[in-house]
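This report refers to the structure that appears directly beneath it.
Numbering (our numbering), first residue to last: 9 to 103.
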């Protein structure tokens, strides 16, 4: 996954982390980098390791270029796949 995306003079960063506040699980966010500082999340994906259908995408009220959104969602799909591969065999058999 590419940690930085650029579109024109705008720069964005992916950040994968464990979200302990909203759902106590893996998350991926997209934030804009302004003057070298990472801003607040513009899009956040809260992954459900047990069932991909339960994964949620949280959006903020901001406009994003389509190539940035596309690249971010492709990265989110790769992360969902990676998380599914890490699931213990006993949890996979429950799905």
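We put the CB at the ideal spot given by N, CA and C, even for glycine.
Please report the residue range of the alpha helix (DSSP H) in which residue i lies.
{"i": "residue 34", "result": "Run containing residue 34: none in the alpha helix (DSSP H); it sits in the beta strand (DSSP E), 33-42."}
{"i": "residue 74", "result": "74-94"}
From which residue to which residue does the beta strand (DSSP E) around residue i run?
{"i": "residue 49", "result": "45-54"}
{"i": "residue 24", "result": "18-27"}
{"i": "residue 13", "result": "12-15"}
Residues in its own chain within less than 8 Å of residue i by CB, not counting five upstream and five downstream?
{"i": "residue 41", "result": "12, 19, 20, 21, 47"}
{"i": "residue 35", "result": "24, 25, 26, 27, 52, 53, 54, 55"}
Write down the C-beta distance between residue i and residue j rounded to the nearest angstrom, noting that I regard them as a contact closer than 8 Å.
{"i": "residue 72", "j": "residue 50", "result": "6 Å"}
{"i": "residue 88", "j": "residue 63", "result": "6 Å"}
Report yes if the CB atom of residue i is closer than 8 Å to the CB atom of residue j, and no otherwise.
{"i": "residue 31", "j": "residue 76", "result": "no"}
Who are the near neighbours of residue i in its chain, counting only those whose CB is closer than 7 Å to its CB and skipping five residues on each side?
{"i": "residue 112", "result": "This structure cannot speak to residue 112, because the chain is shown only from 9 to 103."}
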